[in-house]
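Participant: Okay, handing you the structure first.
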Amino acid sequence: MVKPLTFKGDKKAKKRKRDRDAAAADQPDDGAPAAKQLQKTGGEDGGEDGADDDDSWVFAMPIENIVDGNPASAEPHEVRQVWVANKIAGTDNYRFKGHHGRYLACDKIGVLSATSEAVSPLECFTVLATADTPGTFQLQTLCDTLLTIKPAGSAAEVRGDADAISFDTTFRIRMQARFKPKLRASKEEKALAKISRRELEEAAGRRLDEDEVRLLKRARREGDYHEKLLDIKVKGKHDKFA
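So the mapping is simple: our numbering equals the position in the sequence shown, first residue as 1, plus 923.
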């Protein structure tokens, strides 16, 4: 059964005895450390996500939740693949916080980690839209290098030392829908969009057909209302004397 993702600081639900017994039965006996995985806010086109573990290692992992190999459909399947992105006030930079409350960082030689609970230049990244590939991004460090996925034997390696844009530096950023930015029209724009047919006919000095009403309402939103209104007035005079 798919379980909801939880983060550090979330309140834990109380378990019944039956739940504790079932959970204990599911625990492995070998005592191996939890798999460590990093994912930016999204996966890149190669079918790998990033994740981090409690030891603050950062690396790539195969994407499991994906439909027909389409990277635009990729979803995280555990909390360690999720990074909370916040813009740093007064700058164009972003910080990425992992599930354990520590921030993604890249040192001067390109090694990624997530050990710091405070933000320094090492934890600052610039998110750049890829010019020739809509919907994808480049993650740039303050050393002007790019995050990249590099083949390293059987597993891919995530680093921050690429000096040129390529397929391996191109990421897709996936966001939770409730946090996706929404374009909000200003009060002035909303006021312009609201006008009655009667008001339009009074301004034009005659009755208007449906096409003319739609034309004027669209013109108010787009900013050329007075030009379109003048055209309609002139057309009305021509029709009157035709």
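Just so it is clear, CB atoms sit at the ideal spot from N, CA and C, and this is done for glycine as well. On a predicted model such as this, the values are computed, not experimentally measured, just so you know.
Which whole-angstrom value is the C-beta distance of Tyr1017 and Val1050, which I expect to be below 8 Å?
Facilitator: The residue given as residue 1017 occupies position 94 in the sequence shown. The residue given as residue 1050 occupies position 127 in the sequence shown. Between Val1050 and Tyr1017 the Cβ distance is about 6 Å, and since that is below 8 Å, they are a contact.
Participant: Measure the CB-CB distance between Ile1088 and Leu1069 and report whether it falls below 8 Å.
Facilitator: Taking the first residue of the sequence shown as 1, we reach residue 1088 at position 165. Taking the first residue of the sequence shown as 1, we reach residue 1069 at position 146. Their beta carbons are under 8 Å apart, which means Ile1088 touches Leu1069 by this criterion.
Participant: How long is the line joining the alpha carbons of Lys1073 and Ala1012, rounded to whole angstroms?
Facilitator: Numbered from 1 along the sequence shown, position 150 holds the residue referred to as residue 1073. Numbered from 1 along the sequence shown, position 89 holds the residue referred to as residue 1012. Rounded to whole angstroms, Lys1073 to Ala1012 spans 32 Å at the Cα level.
Participant: Go to Arg1121, then tell me how far its alpha helix (DSSP H) extends in each direction, as first and last residue.
Facilitator: One-based indexing of the sequence shown puts residue 1121 at position 198. Looking at the DSSP string, the run of the alpha helix (DSSP H) that includes Arg1121 is 1120-1127.
Participant: Would the stretch 1119-1136 and the stretch 1148-1161 be scored as touching if the rule is three or more Cβ pairs under 8 Å?
Facilitator: The stretch 1119-1136, when compared against the stretch 1148-1161, does touch it at the 8 Å Cβ threshold.
Participant: Looking only at its own chain, which residues have a Cβ that is under 8 Å from the Cβ of Glu920, when we skip the five neighbours before and after it?
Facilitator: No statement about residue 920 is possible, as the shown extent of the chain runs from 924 to 1165 and does not include it.
Participant: What does the Cβ neighbour count give for Ser996, buried or exposed, with the cut at 16 atoms within 10 Å?
Facilitator: In the sequence shown, counting from the first residue as 1, residue 996 sits at position 73. Per the 10 Å Cβ criterion, exposed.
Participant: Out of curiosity, what's the CA-to-CA distance linking Glu967 and His1000?
Facilitator: On the sequence shown, residue 967 is found 44 positions in, with the first residue counted as 1. On the sequence shown, residue 1000 is found 77 positions in, with the first residue counted as 1. Residue placement at Glu967 is flagged as unreliable, the pLDDT there being 39, under the threshold of 50; the coordinate-derived value follows with that caveat. Each residue's alpha carbon lies about 16 Å from the other.
Participant: Do you know whose CA, among Gln1099, Gln1004, Gln1061, lies nearest Ala1085's CA?
Facilitator: In the sequence shown, the residue the question calls residue 1085 occupies position 162. The option with the nearest alpha carbon to Ala1085 is Gln1061.
Participant: Restricting to Cα atoms, I'd like to know which of Ala1008, Gly1058, Ser1119, Arg1144 is closest to Pro994.
Facilitator: Stepping through the sequence shown from its first residue, residue 994 is reached at position 71. Pro994 has its Cα closest to that of Gly1058, out of Ala1008, Gly1058, Ser1119, Arg1144.
Participant: List the residues that DSSP assigns as beta-bridge partners of Lys1010.
Facilitator: On the sequence shown, position 87 is the one that residue 1010 refers to. Looking at the DSSP assignment, Lys1010 forms a beta bridge with Tyr1017.
Participant: Which parts of the stretch 1026-1099 are runs of the beta strand (DSSP E), unbroken and 3 residues or longer, counting only runs that do not cross its ends?
Facilitator: 1026-1029, 1035-1039, 1048-1052, 1060-1064, 1069-1075, 1078-1085
Participant: Per the DSSP calculation, Glu998 is bridged to which residue(s)?
Facilitator: As a working note, residue 998 is residue 75 in the sequence shown. DSSP output for Glu998 lists Asn988 as bridge partner(s).
Participant: Lys1140 lies in the alpha helix (DSSP H); which residues open and close that run?
Facilitator: On the sequence shown, residue 1140 is found 217 positions in, with the first residue counted as 1. Start and end: 1133-1145.
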